[in-house]
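*Asks:* After the structure tokens below, expect a handful of questions from me.
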Amino acid sequence: MDAVEVGYHHFDTAAFYQSEQAIGRAVVQALERGLIKSRDEIFITSKLWCTDASQSYSPCPQHHTPIILRSIIQQGPSAVPRSFNKERMKQNLEIFDWELGEDEMNKINQIPHRRLYAGDFFVYEVGP
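Those letters in the sequence shown? Residues 1 to 128, by UniProt numbering.
Here it is as structure tokens:
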């Protein structure tokens with residue numbers, strides 16, 4: 001609340017920081033006191049850890065074809081699909097009777113890749 005009173009309008013939060021409820025209460029108090037007219041005056045940045053995510057609503061039908069798995073197989077490396085869902089396990093085995101076209105592979109290869117960890121901490125600086 002003090003931050004809003006002195007003029008802050010940008011707040012950074014995450015479940016990991018355990019600050020989401022406090023920031024929410026501060027926004028409600030700021031609205032009640034008239035320090036801000038609407039929630040739109042406050043910019044809140046929040047992060048969602050991957051294990052806390054759930055599937056969002058989409059009016060579009062889901063694509064049940066494991067396209068990324070197929071693209072990995074076509075590029076040559078081994079793929080180790082992980083699933084405990086029986087239907088998904090069956091779908092993962094249905095990738096061998098079709099192929100992605102060159103245009104589709106090019107589009108997939110343009111998707112930016114990122115690792116959660118770079119892996120630098122697995123390498124010893126003076127060792128093999």
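Glycine is no exception: its CB is placed at the ideal position from the N, C-alpha and C atoms.
Could you round the C-beta distance between L100 and R70 to whole angstroms and report it? I think they count as a contact, below 8 Å.
*Replies:* The pair is a contact, with the Cβ atoms about 6 Å apart (cut-off 8 Å).
*Asks:* Have a look at the DSSP bridge pairing and note the partners of A14.
*Replies:* DSSP lists K47 as partners of A14.
*Asks:* To the nearest whole angstrom, what separates the beta carbons of I108 and P66, a pair I think is in contact under 8 Å?
*Replies:* Actually they are not in contact, since the Cβ atoms of I108 and P66 sit about 12 Å apart, beyond 8 Å.
*Asks:* Might you give, ordered along the chain, the residues of its own chain that have their beta carbon closer than 8 Å to the beta carbon of R39, omitting 5 neighbours on each side?
*Replies:* Here the set comprises V27, L31.
*Asks:* Determine, using beta carbons only, whether I23 and I44 come nearer to each other than 9 Å.
*Replies:* Yes; because the gap between Cβ atoms is below 9 Å, this pair is in contact.
*Asks:* Comparing C-alpha positions only, which one of Q74, N85, K90, Q91 sits nearest to E104?
*Replies:* The shortest C-alpha separation from E104 is found at Q74.
*Asks:* From Q21 to E125, what does the alpha carbon distance come to, in whole angstroms?
*Replies:* The alpha-carbon atoms of Q21 and E125 are separated by roughly 43 Å.
*Asks:* Could you say which of D2, G34, A14, M89 lies nearest to C50 if we only look at CA atoms?
*Replies:* Per the Cα distances, A14.
*Asks:* Between the alpha carbons of V4 and L48, how many angstroms are there, rounded?
*Replies:* Going by the C-alpha atoms only, they are around 24 Å apart.
*Asks:* Which of the three DSSP states, helix, strand or coil, is assigned to M1?
*Replies:* The answer is coil: DSSP assigns M1 none of H, G, I, E or B.
*Asks:* Distance check for R82 and M89, CA to CA, integer angstroms please.
*Replies:* Their backbone Cα atoms lie some 8 Å apart in a straight line.
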